[in-house]
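Shown next, in structure tokens, is the structure this report addresses.
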Amino acid sequence: MARLLRIQLLTVLAVAMIGVDIVIRLRAMEKTVISSPSYRRTPPKPPLLVSKGNTRPRSSIFTRAANDTVGKFDGMGNLVSKIRDPCNYKVQIYDRKGILLKERSDTFRNIAPRKKGRRNIPVSVQCGGNSTVTVTIGDEKRKFKGMDAVLFHLCLRLVPPRSLPVGMNPKQAWVFCSWETPYISTAPQFRIKEIDVPSLSGFTANAAWTYHRTSEITTQFGFYEHGKPMVNKTRTVDEWVQGKTDLVLWMGSNCGITSWPRLKFVEKLQSYIPVDMYGRCGNLTCEPRSSPKCNEELVRKYKFYLALENSECEEYITEKMWDRTLLLGVVPIVYGASRKDYEEFLPPNSFIYVGDYNTVKELADYLKLLDSRPDLYAKYFEWKYKGRVSTTKVFYSPFDPSRFCHLIPIIEKVRRGELPREPVLSSHFFQTCREKPNSVVDGWNPW
712 MARLLRIQLL TVLAVAMIGV DIVIRLRAME KTVISSPSYR RTPPKPPLLV
762 SKGNTRPRSS IFTRAANDTV GKFDGMGNLV SKIRDPCNYK VQIYDRKGIL
812 LKERSDTFRN IAPRKKGRRN IPVSVQCGGN STVTVTIGDE KRKFKGMDAV
862 LFHLCLRLVP PRSLPVGMNP KQAWVFCSWE TPYISTAPQF RIKEIDVPSL
912 SGFTANAAWT YHRTSEITTQ FGFYEHGKPM VNKTRTVDEW VQGKTDLVLW
962 MGSNCGITSW PRLKFVEKLQ SYIPVDMYGR CGNLTCEPRS SPKCNEELVR
1012 KYKFYLALEN SECEEYITEK MWDRTLLLGV VPIVYGASRK DYEEFLPPNS
1062 FIYVGDYNTV KELADYLKLL DSRPDLYAKY FEWKYKGRVS TTKVFYSPFD
1112 PSRFCHLIPI IEKVRRGELP REPVLSSHFF QTCREKPNSV VDGWNPW
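Numbering-wise (the working numbering), the sequence shown opens with residue 712 and increments by one.
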């Protein structure tokens, strides 16, 4: 009996020793794996700018507008968090002839609060960590001295004459920005009253700030977010068409400076179906123009809105798409960017693309079909059950000063010599439009 107990005890001890040995070996292996550089899982630092093929660097910096999150600032948080000592970046917006400071100017308006009827300039913006950006506006070139960056807006041709001061600081960041297309920025017809518009030839800059994603800084007019429904409760067909008493609406003020026959297209469509034309290009008016009555109540009455851009340019999808259609429950009829761009940026099955139809009459017939079939019309709103749209309100509301924080990575890269000044007209932004404008509807082929 005693012998049997000894055998059992020895067996238990042997098993225990084997178990201890296995545990020791596993821990040794785990230590080896963790300490090995080839298995170490340290996430790479996000780059400030990401290159793609031979194209211009693709922007990885997005604005804080609307529903943007801090997570979209690839590299921004890293850079700001490394700034230990207080750092103030000085930025000047070049304002030729005082255009930007005029009361009615839409560009960069209200970047600072008004005090006794005048803008309180300069304005300082806290960008996180110990970094601050101070923004001023001025047209005197000698004030460029001491600035970390100078911003030139091409929308109003706010570029300096060719006679720039000799010996300009090469480590000063020059950024050109525009939320108009290259076609409009360079169109010979485009002139500002009492302003002698200089040529862009010979003008150089380190970076671009536009609506196009190939720019170093990108501010788009709006965006679609999948997974955040705008409508949680299923609506009936009747609810989607409720209050819509009219068919097609177009609001147009630019009747001639377009790269395609926009006005003639609208007039031809009007010959087949009712199209109400408001603004300088039509015979209907709504006052005051910027009131909710004209921008919301009027638009909601229509089933369709002609969201037609003035130029045929990549990724040019402006506020008329976001503010006047998708946010107001109206189906947009779109043209300007390519179909590929609309598919990428807009909610799925939310728009009607002009280029899908061989003739204007064919488009008109399809709109008649949707008008007579509310069930088919309602399908253009099903995306609202799966996502939502937001607008950045670049033009028609106060410009968010926090956007200037995105100049910090540009300034730092220029200081390191990584972003040399290059001719603006040779930048990728100026290669994003169709090159052959056409003014005749019958001979025009959409892209």
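Yeah, the Cβ is synthetic: ideal placement off N, Cα and C, and Gly gets one too.
The criterion of a C-beta distance shorter than 8 Å is satisfied by Met1032 and Val1045. Fully contained in the segment 1021-1100 are the following beta strand (DSSP E) runs of length 3 or more, in chain order: 1042-1046. For Ser1083 and Val948, the gap between their C-alpha atoms comes out near 12 Å.
For the 8 Å CB-CB criterion, Val959 and Ile984 form a contact. For the alpha helix (DSSP H) assignment, the uninterrupted runs of no fewer than 4 residues enclosed by the segment 926-1004 are, from N- to C-terminal side, 948-952 and 973-981. Taken atom to atom, the span from the alpha-carbon of Gly1047 to that of Val1071 is near 16 Å. Distance from the CA atom of Thr921 to the CA atom of Arg1132, rounded to whole angstroms, is 17 Å.
Judged by pairs of C-beta atoms under 8 Å, the segment 1091-1102 touches the segment 935-950, as three or more such pairs exist. For Thr921, DSSP records a beta bridge to Ser889 and Thr929.
Counting along the chain, the unbroken alpha helix (DSSP H) around Lys1124 starts and ends at Leu1118 to Arg1126. In the displayed model, Lys801 falls within a strand according to three-state DSSP.
Of the candidates Ala860, Pro1059, Ile968 and Arg946, Ala860 places its Cα closest to the Cα of Ala919. Note on Glu1023: 16 or more other CB atoms within 10 angstroms of its CB, so buried under the neighbour-count rule. Annotation: Lys1124 to Lys944 spans about 49 Å, alpha carbon to alpha carbon. Per DSSP, the continuous beta strand (DSSP E) segment holding Lys1014 begins and ends at Tyr1013 to Leu1019. Sorting Ile968, Ile804, Phe976 and Ser842 by C-alpha distance to the C-alpha of Pro833 places Ile804 at the top. Going by C-alpha positions, Ile1063 is about 15 Å away from Phe976.
With fewer than 16 other beta carbons inside 10 angstroms of its own, Trp1158 counts as exposed.
DSSP places Ser835 in the uninterrupted beta strand (DSSP E) bounded by Val834 to Gln837. Within the same chain, and ignoring the five residues on either side of Leu1009 in sequence, the residues whose Cβ sits closer than 7 Å to its Cβ are Cys997.
Pairing Val942 with Ala916 gives a Cβ-Cβ distance that is not under 8 Å. At a Cβ-Cβ threshold of 8 Å, Thr845 and Gln837 do not count as neighbours. Taking the C-beta atoms as reference points, Glu1054 is found no nearer than 8 Å to His923. DSSP, reduced to helix, strand and coil, places Gly840 outside both helices and strands of the structure shown, so it counts as coil. Taking the CA atoms as reference points, Arg1127 sits about 11 Å from Ala884. The alpha carbon of Lys979 has as its nearest neighbour, out of Lys801, Asn799, Asp1153 and Pro1003, the alpha carbon of Asp1153.
Per DSSP, His1139 lies in no beta strand (DSSP E) segment and is marked neither H nor E.
The distance from the Cβ of Lys1004 to that of Thr956 is about 16 Å, inconsistent with a contact at the 8 Å cut-off. Rounded to the nearest whole angstrom, the CA to CA distance from Thr1103 to Lys882 is 31 Å. DSSP places Val861 in the strand class (E or B) of the three-state scheme. By the neighbour-count definition (other C-beta atoms within 10 Å, threshold 16), Glu891 is a buried residue. Around Tyr1068, the same chain offers Leu1074 as residues with beta carbons nearer than 6 Å, after the five sequence neighbours per side are excluded.
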